[in-house]
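Asker: For reference, the structure I am asking about is given below.
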Amino acid sequence: MLTKSPVVLPQIAQERFDRLKSRTARIGVIGLGYVGLPLSLLLAEAGFRVTGFDIDEKKVTDLEAGRSYIFRIPASEIQSARAHGFTATADFSNLSDMDAIIMCVPTPLTEHREPDLSYVENTAKAAAPWVREGQLVVLESTTYPGTTEELMIPVLEAGNTKGLKVQSAGAAAEHGVFYVAFSPEREDPGNDTVARRDIPKVVGGHEVIATTLAATLYEGIFTRAVQVSSTRVAEMTKLLENIYRCVNIALVNELKQLSLKMGVDIWEVIDAAATKPFGFHPFYPGPGLGGHCIPIDPFYLSWKAKEYDFNTRFIELAGEVNEAMPAHVVNAVGKALNQHKKAVNGARILMLGMAYKKNIDDLRESPSLTIIELLREEGAEVLYNDPYFPTVGRGRHYNLDMTCTPLDNLGQYDCVLIVTDHSDYNYEEIVSQSQLVVDSRNATKGISSPKVVRC
Ligand SMILES: NC(=O)c1ccc[n+]([C@@H]2O[C@H](COP(=O)([O-])OP(=O)(O)OC[C@H]3O[C@@H](n4cnc5c(N)ncnc54)[C@H](O)[C@@H]3O)[C@@H](O)[C@H]2O)c1
Numbered sequence: 001m002l003t004k005s006p007v008v009l010p011q012i013a014q015e016r017f018d019r020l021k022s023r024t025a026r027i028g029v030i031g032l033g034y035v036g037l038p039l040s041l042l043l044a045e046a047g048f049r050v051t052g053f054d055i056d057e058k059k060v061t062d063l064e065a066g067r068s069y070i071f072r073i074p075a076s077e078i079q080s081a082r083a084h085g086f087t088a089t090a091d092f093s094n095l096s097d098m099d100a101i102i103m104c105v106p107t108p109l110t111e112h113r114e115p116d117l118s119y120v121e122n123t124a125k126a127a128a129p130w131v132r133e134g135q136l137v138v139l140e141s142t143t144y145p146g147t148t149e150e151l152m153i154p155v156l157e158a159g160n161t162k163g164l165k166v167q168s169a170g171a172a173a174e175h176g177v178f179y180v181a182f183s184p185e186r187e188d189p190g191n192d193t194v195a196r197r198d199i200p201k202v203v204g205g206h207e208v209i210a211t212t213l214a215a216t217l218y219e220g221i222f223t224r225a226v227q228v229s230s231t232r233v234a235e236m237t238k239l240l241e242n243i244y245r246c247v248n249i250a251l252v253n254e255l256k257q258l259s260l261k262m263g264v265d266i267w268e269v270i271d272a273a274a275t276k277p278f279g280f281h282p283f284y285p286g287p288g289l290g291g292h293c294i295p296i297d298p299f300y301l302s303w304k305a306k307e308y309d310f311n312t313r314f315i316e317l318a319g320e321v322n323e324a325m326p327a328h329v330v331n332a333v334g335k336a337l338n339q340h341k342k343a344v345n346g347a348r349i350l351m352l353g354m355a356y357k358k359n360i361d362d363l364r365e366s367p368s369l370t371i372i373e374l375l376r377e378e379g380a381e382v383l384y385n386d387p388y389f390p391t392v393g394r395g396r397h398y399n400l401d402m403t404c405t406p407l408d409n410l411g412q413y414d415c416v417l418i419v420t421d422h423s424d425y426n427y428e429e430i431v432s433q434s435q436l437v438v439d440s441r442n443a444t445k446g447i448s449s450p451k452v453v454r455c
């Protein structure tokens, strides 16, 4: 035994604990997307033997060839992880060789804006036959409280051909069990101010052995694991964090609209308020929410709340305000063009930025997609430039066939619309070359020009 666990562990858990503690454990990561791939690399770098699993064969092929498909992850990081033993596969039978399995699959909304847990369910179904005695299974996908216990555990137990059951609270079984925990991913893509390993990792097990094993696993790669009493607490923690962001962004989006009418610069106000050393955290307005988290996660809770006859009014109101922002931007474009004695109908508009936020290559739920749709409905010709997207094709909720327009000859456009404030752009130059710039991000802060309209 290498280290004594603070919890008395049965032999099958103690073996896992020792391997996790000494980082000799084999870890399987299912879902090699924006969350699962960086996590796999972090684990491999820490010395764990990591196998990535994905149903997307192209991702598996790319990783096996040492190629990256995520902009901010250079191929050299994949190659270095491979040198540490990282492999990728679509063959789930390899899961039985793992000491721990971490699931990082999507949790989107359906067309009717209800939780789509089909990915979690299908992954659990595919993994179930291979779950072994003493293994730890962790769900990382963001979801409502109760998913791990009500959906994942029953699917894993039902599909397990060896008849294994999850260890439940109470006497620790010596045989016939596996362990289950939930640990939310807290990554903030594009935010380089906090190293990923310095973001504390919240872990909540189905019972105390699972919590101990999961905390031990994550302490191998994160500076701190925060243990909570249940999977539900861990699930709800993630939702609280994202709802807090969603509601506060809605607040500043609403105050921005009022401030514009009052002739007050909301960004200057926020910067001034942020000098308060307590009780205020700055959030910034924008063209609308985007990404796989903030526009979606709060509605997982609203949906679940209905089961308790509870109406989540803050979430609904924040959703309403934030979802109206793309239309606010399009209105602002219309007004700005009108000032130039032009109409949206027939205008040539170059939109800067497709990604939902700066310096990343993620288009999911991006407000740019709605803005394009609304501008086109009003008869505008819309082109785009985004250094992270040479082309934009078809996605879950959009079907565009667009190619990135070079950032030159800006004077030819009736309006240049800033939707994403990528750092690569030279905003001084953009303003000087354009006839009209509508800025939804305050990217032109400090540039004083009658051509600029902030919205
Ligand atoms: N992207 C973020 O910044 C972020 C941050 C925090 C939390 N999250 C949460 O993490 C989860 C994953 O998000 P993501 O951004 O990595 O998604 P993603 O779409 O980038 O990646 C998911 C991966 O899972 C794979 N997959 C789907 N079904 C599968 C199955 N049955 N078996 C194996 N692989 C399967 C997909 O092919 C894809 O590669 C979501 O719940 C999300 O809300 C994401």
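Quick note: the sequence shown uses the UniProt record's numbering, first residue 1, plus one each step. Even glycine gets a Cβ: it sits at the ideal position worked out from N, Cα and C.
1. Are the Cβ atoms of V203 and F182 separated by less than 9 Å?
2. Please state whether DSSP places M262 in a helix, a strand or coil.
3. How should H112 be labelled, buried or exposed, when 16 other C-beta atoms within 10 angstroms of its C-beta is the threshold for buried?
4. Is R186 near ligand 1 - that is, is its Cβ less than 8 Å away from at least one heavy atom of it?
5. Given that a residue counts as buried once 16 or more other Cβ atoms are within 10 Å of its Cβ, and exposed if not, what is K162?
6. Roughly how many whole angstroms lie between the Cα atoms of F92 and D54?
7. Kindly indicate which three-state DSSP category D401 falls into: helix, strand or coil?
8. F48 to A214, Cα distance in whole Å?
9. By the DSSP assignment, the beta strand (DSSP E) with F182 in it spans what residues?
10. Taking 8 Å as the line, does the beta carbon of N248 fall inside it for any heavy atom of ligand 3?
11. What does a CB cutoff of less than 6 Å around G85 pick up in its chain, not counting 5 residues either side in sequence?
12. The beta strand (DSSP E) with L20 in it runs from where to where?
13. Specify the secondary structure class of E185 as computed by DSSP and reduced to three states.
14. Can you tell me the Cα-Cα spacing of D421 and F71, whole angstroms?
15. Sorted by chain position, which residues of the same chain lie with C-beta nearer than 7 Å to S230's C-beta, five sequence neighbours on each side aside?
16. First and last residue of the alpha helix (DSSP H) that includes N122?
17. Which runs of the alpha helix (DSSP H) fall wholly inside the segment 12-78 and span at least 4 residues, in chain order?
18. Tell me whether D97 sits in a helix, a strand or coil according to DSSP, three-state version.
19. Between L239 and D297, how many whole angstroms is the CB-CB distance? I'm expecting something under 8 Å.
20. Got a sec, what are the start and stop residues for the alpha helix (DSSP H) N322 sits in?
21. Have a look at P287, E268, A83 and C104 and flag the residue whose alpha-carbon is nearest the alpha-carbon of V329.
22. At 4 residues or longer, what runs of the alpha helix (DSSP H) sit wholly inside the segment 228-284?
23. With a threshold of 16 other CB atoms inside 10 Å of the CB of Y356, please say whether the residue is buried or exposed.
24. Leaving aside the five residues before and after D198 along the sequence, list all residues of the same chain whose C-beta is less than 7 Å from its C-beta, in chain order.
25. Might you give, ordered along the chain, the residues of its own chain that have their beta carbon closer than 6 Å to the beta carbon of Y144, omitting 5 neighbours on each side?
26. Can you determine whether any heavy atom of ligand 1 sits closer than 8 Å to the C-beta of C404, and answer yes or no?
27. Which of the three DSSP states, helix, strand or coil, is assigned to residue 507?
28. What distance in whole Å lies between the Cβ atoms of H292 and P106, which are believed to be in contact at a cut-off of 8 Å?
29. Report back the beta-carbon spacing between V382 and M351 to the nearest angstrom; my notes put them in contact at under 8 Å.
30. Taking its Cβ as the centre, do 16 or more other Cβ atoms sit within 10 Å of P189, making it buried, or is it exposed?
31. What is the DSSP secondary structure of H84, counted as helix, strand or coil?
32. Apart from the five residues just before and just after K125, which ones in its own chain have a Cβ nearer than 7 Å to its Cβ?
33. Just curious, the beta strand (DSSP E) that G159 is in, first and last residue?
Answerer: Looking at the atomic coordinates:
1. Yes, these two residues count as a Cβ contact at 9 Å.
2. helix
3. exposed
4. yes
5. exposed
6. Their Cα atoms are separated by approximately 9 Å.
7. Strand, per DSSP.
8. Between the alpha carbons of F48 and A214 lies a gap of roughly 14 Å.
9. V177 to F182
10. With respect to small molecules bound, the structure shown includes ligand 1 and not ligand 3.
11. R49
12. According to the DSSP assignment, L20 belongs to no beta strand (DSSP E) but to the alpha helix (DSSP H) extending over Q11 to K21.
13. coil
14. 17 Å
15. G204
16. S118 to A127
17. 36-45 and 57-64
18. helix
19. Contact between L239 and D297 holds, with the beta-carbon distance rounding to 6 Å and staying under 8 Å.
20. R313 to E323
21. P287
22. 231-262 and 266-273
23. Buried, because 16 or more other Cβ atoms sit within 10 Å of the Cβ of Y356.
24. T223
25. Y300, L301 and K304
26. no
27. Summary: the structure shown does not reach residue 507, with the chain confined to residues 1 through 455, and so no result is reported for it.
28. 7 Å
29. 6 Å
30. buried
31. coil
32. For K125, the CB contacts under 7 Å within the same chain, skipping 5 residues up- and downstream, are V155 and G159 in chain order.
33. Looking at the DSSP string, G159 is not in any beta strand (DSSP E); the run it does join, the alpha helix (DSSP H), is I153 to G159.
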